[in-house]
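*Asks:*
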Amino acid sequence: MLKVLNNDFLYEKDMHDIYSYFITFFLFILLCSTSFGEEVHEDDDPEVLFEVDNTDEEQDEASNDDDEPDVDEPPKKKKAKTVQTRQRWSKDEEAEIQKYFQQYLDTSTTPNGRACNKAKENSLQNGGHIHRRANHLIVKKISAMNHKPKQRH
1 MLKVLNNDFL YEKDMHDIYS YFITFFLFIL LCSTSFGEEV HEDDDPEVLF EVDNTDEEQD
61 EASNDDDEPD VDEPPKKKKA KTVQTRQRWS KDEEAEIQKY FQQYLDTSTT PNGRACNKAK
121 ENSLQNGGHI HRRANHLIVK KISAMNHKPK QRH
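At position 114 of the sequence shown (counting the first as 1) the number is 114 in my numbering, and the numbers step up by one without a gap.
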């Protein structure tokens, strides 16, 4: 494939080489302009910029000079993650859903957060059970009930 640049014909391979040289040059400039996140100034000595800071190693050696033997601490045990298992919907909870969300079941829609909160308040006042469930679980249950085929009586 040919490309025209300033009335010169360049092949795709040549363009690839130009791109790779450009990227290499850009990275070289980037690496030379900063050293370990610090800006390079004109008066800085280039040899000093690339010296390795051994202060951490010197501190480690100084701490090892103590007469105390090194004691490896046993690894700390990780806490086991608690896994919640699915809590099945009881018949009482399903009956409450039928009672409080009948209009949503008839229209095959799902309730919003305010409707869920209102039904949960009514459930708490009437000694029901669905007030213990989260709103998103109530909506999920109603959606599942809407997708079940209607039973004929």
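C-beta atoms are modelled at their ideal positions from N, C-alpha and C, and glycine is treated no differently.
Can Glu-93 and His-147 be called in contact, C-beta distance under 8 Å?
*Replies:* Residue 93 sits at position 93 when you count from the first residue of the sequence shown. Residue 147 sits at position 147 when you count from the first residue of the sequence shown. Remark: C-beta atoms of Glu-93 and His-147 do not approach each other more closely than 8 Å.
*Asks:* State the Cα-Cα distance for the pair Leu-2 and Ser-20, rounded to the nearest angstrom.
*Replies:* Indexing the sequence shown from 1 puts residue 2 at position 2. Indexing the sequence shown from 1 puts residue 20 at position 20. Here Leu-2 scores only 49 on pLDDT, less than 50, and its place in the model should not be relied on; the value that follows carries that caveat. When rounded, the distance between both Cα atoms is 18 Å.
*Asks:* Rounded to a whole number of angstroms, what is the C-alpha to C-alpha distance between Val-139 and Cys-116?
*Replies:* Numbered from 1 along the sequence shown, position 139 holds the residue referred to as residue 139. Numbered from 1 along the sequence shown, position 116 holds the residue referred to as residue 116. Their backbone Cα atoms lie some 8 Å apart in a straight line.
*Asks:* Can you round the beta-carbon distance between His-131 and Lys-120 to whole angstroms, since I take them to be within the 8 Å contact cut?
*Replies:* For the purposes of this step, residue 131 is taken as residue 131 along the sequence shown, with counting starting at 1. For the purposes of this step, residue 120 is taken as residue 120 along the sequence shown, with counting starting at 1. Between Lys-120 and His-131 the Cβ distance is about 4 Å, and since that is below 8 Å, they are a contact.
*Asks:* At what residues does the alpha helix (DSSP H) containing Ile-142 begin and finish?
*Replies:* Translated into the one-based positions of the sequence shown, residue 142 becomes position 142. Start and end: 135-147.
*Asks:* Excluding five sequence neighbours on each side, which residues of the same chain lie with their C-beta closer than 8 Å to the C-beta of Gln-98?
*Replies:* Residue 98 sits at position 98 when you count from the first residue of the sequence shown. Counting only Cβ-Cβ distances below 8 Å, and skipping sequence neighbours, we find Leu-105.
*Asks:* So, at 8 Å on beta carbons, what are the nonlocal neighbours of His-153 in its own chain, with the 5 sequence-adjacent residues on each side left out?
*Replies:* Your numbering for residue 153 matches position 153 in the sequence shown. Annotation note: pLDDT 47 at His-153 (below 50); position unreliable, no value reported.
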